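Written below as structure tokens is the structure these notes are about.
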Amino acid sequence: MKKTTIHEIAKALGIDSSTVSRALNDSERVKPRTKKRVLEKAQELGYTRNMLASNLRRNKSNTIGVIVPRISRYFFSSTIAGIEETAYKAGYSVIICQSREDVNRERKIISNLMANRVDGILMSVTMETKDSSHLTECFEKGMPLVFFDRHVEGMNQTGKVVIDDVKGGFEATEHLIKQGCRKIAHFTAPLDVEIYKNRHKGYCMALEKYSIHYDKNLVYISTLLKEDGYFLAEKIVNECDGVDGIFSANDFAAIGAMNFLKSIGKKIPEEIAIAGFSNEPTSAVIEPSLTTVDQSGTEIGRLACNLLLDYFKNGNTLVNNKTIMIQPKLIVRDSSQKKSNFKEMRLNIGFK
1 MKKTTIHEIA KALGIDSSTV SRALNDSERV KPRTKKRVLE KAQELGYTRN MLASNLRRNK
61 SNTIGVIVPR ISRYFFSSTI AGIEETAYKA GYSVIICQSR EDVNRERKII SNLMANRVDG
121 ILMSVTMETK DSSHLTECFE KGMPLVFFDR HVEGMNQTGK VVIDDVKGGF EATEHLIKQG
181 CRKIAHFTAP LDVEIYKNRH KGYCMALEKY SIHYDKNLVY ISTLLKEDGY FLAEKIVNEC
241 DGVDGIFSAN DFAAIGAMNF LKSIGKKIPE EIAIAGFSNE PTSAVIEPSL TTVDQSGTEI
301 GRLACNLLLD YFKNGNTLVN NKTIMIQPKL IVRDSSQKKS NFKEMRLNIG FK
């Protein structure tokens, strides 16, 4: 089917093609009455704009690239929802990509997004992202970039939106202590990833506050998949006597641990209390329901997108070094409430 052109609209109206073009681009140089005639005729003739050509002329695509480690994670899918809704209201489309925790894939995605002329990029980096040269290249080429959740430590060229992971780790661990736990294992990803380093820091701060000895042998590093949690819980049962609590830096490993403990008849939380982090949907429906830390993914997405939009409006200078930190929320459920021991342990460790 033949597409209607600007020249055909101009011929039908008896005006110049340049006037039609300006009217379609909402130029102030065209009178409102003429604009109305052009738009009506364009609709009548079934005219559709060539957005690619228009974008090339304006050097603007009204498109934002979003990179997440895994779309399947509830936190990232809810973050994307916040980004997409905010972008849509501002007249932007969103291209969603996932790195699958592969830094080489992350590099290729960034290169492809820049080649496709997105106006800016919102991203959460992989666990493998140590060398930030591909991110620095974005700034060198004038590509606006804003981080959310995971970011590269010490990279201050742009803004980021994060949760207070230290506080989240502290509150989850403190909660286990207040339930009577004295020997708490910690499941984490590599500690050179800042969010996990901070959750671990919160864990350490809680132990210190209540004069509980920090044992590095109780810190288990993995990729925090469900199968990792299953394997680590088995390792704890077989090799480490007396563990009565587990704080996992995500819900998946916590759920894996619960699956193993239930399979051998361990009572949760009576024998081992468990807390996770991220408030995955399954955490509310698993038996027993999992105590966790909510990350407000939709709000993080909304704030990150607004930060990037501010970047566009202010000549790509406004958000340099700007960090927005939102507060976590501890959600207490059945996996951690060791009420039978609470009064006795309260006296033994000097709670006030």
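Note that the UniProt record's numbering has the sequence shown beginning at 1, numbered continuously upward. Backbone N, C-alpha and C fix where the C-beta goes; we use that ideal spot for every residue, glycine too. Nothing here was measured: the structure is a model prediction, and the numbers come from that model.
Margin query: By the three-class DSSP mapping on this structure, what secondary structure does Ile-264 have?
Written below: Against the sequence shown, residue 264 aligns to sequence position 264. Coil, per DSSP.
Notebook entry, point to check: Rounded to a whole number of angstroms, what is the C-alpha to C-alpha distance between Val-66 and Ser-335?
Noted result: Residue 66 sits at position 66 when you count from the first residue of the sequence shown. Residue 335 sits at position 335 when you count from the first residue of the sequence shown. Answer to the nearest angstrom: the Cα atoms are 35 Å apart.
Item checked: Endpoints, the beta strand (DSSP E) within which Asp-149 is located -> The residue you call residue 149 lines up with position 149 of the sequence shown. Looking at the DSSP string, Asp-149 is not in any beta strand (DSSP E), and its letter there is neither H nor E.
Next item on the list: Starting from the Cα of Leu-261, find the closest Cα among Phe-231, Gln-327 and Val-68 and give me that residue.
Entry: What you label residue 261 is simply residue 261 of the sequence shown in a count that begins at 1. The shortest Cα separation from Leu-261 among Phe-231, Gln-327 and Val-68 belongs to Phe-231.
Next item on the list: Output the residue ranges of the beta strand (DSSP E) runs that lie fully inside the segment 177-254 and measure 3 residues or longer, sorted by chain position.
Entry: 184-188, 219-221 and 245-248
Note to self: Spatial neighbours of residue 396 within its chain, please: C-beta separation below 7 Å, excluding the five flanking residues on both sides.
What the structure shows: The shown model of the chain, from 1 to 352, leaves out residue 396, and the question about it has no answer.
Notebook entry, point to check: Should the segment 96-104 be regarded as contacting the segment 151-168, the criterion being three or more beta carbon pairs within less than 8 Å?
Noted result: no
Next item on the list: Tell me whether Ser-111 is buried or exposed, calling it buried when 16 or more other Cβ atoms sit within 10 Å of its Cβ.
Entry: Here residue 111 is taken as the residue at index 111 of the sequence shown, counted from 1. Counting Cβ neighbours within 10 Å, Ser-111 comes out exposed, since fewer than 16 surround it.
Next item on the list: In the DSSP assignment, find the unbroken beta strand (DSSP E) run with Lys-130 in it and report its ends.
Entry: Within the sequence shown, residue 130 is the residue found at index 130, counting from 1. Premise fails: Lys-130 is in no beta strand (DSSP E) and is neither H nor E.
Next item on the list: Check the DSSP bridge columns for Cys-305 and list the partner residues they point to.
Entry: Taking the sequence shown and counting its residues from 1, one reaches residue 305 at position 305. Answer by DSSP bridge pairing: none, since Cys-305 is not bridged.
Margin query: Please state the DSSP three-state secondary structure of residue 353.
Written below: Only positions 1 to 352 of the chain appear in this structure, which leaves residue 353 out of reach.
Margin query: If the criterion is Cβ atoms closer than 7 Å, does the pair Lys-41 and Ile-71 meet it?
Written below: Mapped onto the sequence shown, residue 41 falls at position 41. Mapped onto the sequence shown, residue 71 falls at position 71. Contact flag unset, no.
Checklist line | Leu-218 and Ala-249 closer than 7 Å at C-beta | finding: Sequence index remark: in the sequence shown, residue 218 carries index 218 (1-based). Sequence index remark: in the sequence shown, residue 249 carries index 249 (1-based). No, they are not a contact pair.
Check: Ordered along the chain, which non-local residues of its own chain (more than five positions away) have a Cβ less than 6 Å from that of Leu-207?
Finding: Counted from its first residue, the sequence shown places residue 207 at position 207. If we look at Leu-207 and ignore the five residues flanking it on each side, its Cβ neighbours are Tyr-214.
Next item on the list: Starting from Ala-81, follow the alpha helix (DSSP H) in both directions and report where the run begins and ends.
Entry: Position 81 of the sequence shown holds residue 81. First-last of the alpha helix (DSSP H) with Ala-81: 74-89.
Notebook entry, point to check: How long is the line joining the alpha carbons of Val-285 and Asn-62, rounded to whole angstroms?
Noted result: As a first step, residue 285 is located in the sequence shown; it is residue number 285 there, counting from the start. As a first step, residue 62 is located in the sequence shown; it is residue number 62 there, counting from the start. Cα to Cα, Val-285 sits roughly 40 Å from Asn-62.
Checklist line | Phe-148 to Phe-76 span [Cα, whole Å] | finding: Mapped onto the sequence shown, residue 148 falls at position 148. Mapped onto the sequence shown, residue 76 falls at position 76. Using only the alpha carbons, I get a separation of about 10 Å.
Checklist line | Where Gly-46 falls: helix, strand or coil (DSSP) | finding: The residue you call residue 46 lines up with position 46 of the sequence shown. DSSP places Gly-46 in coil when its eight states are reduced to three.
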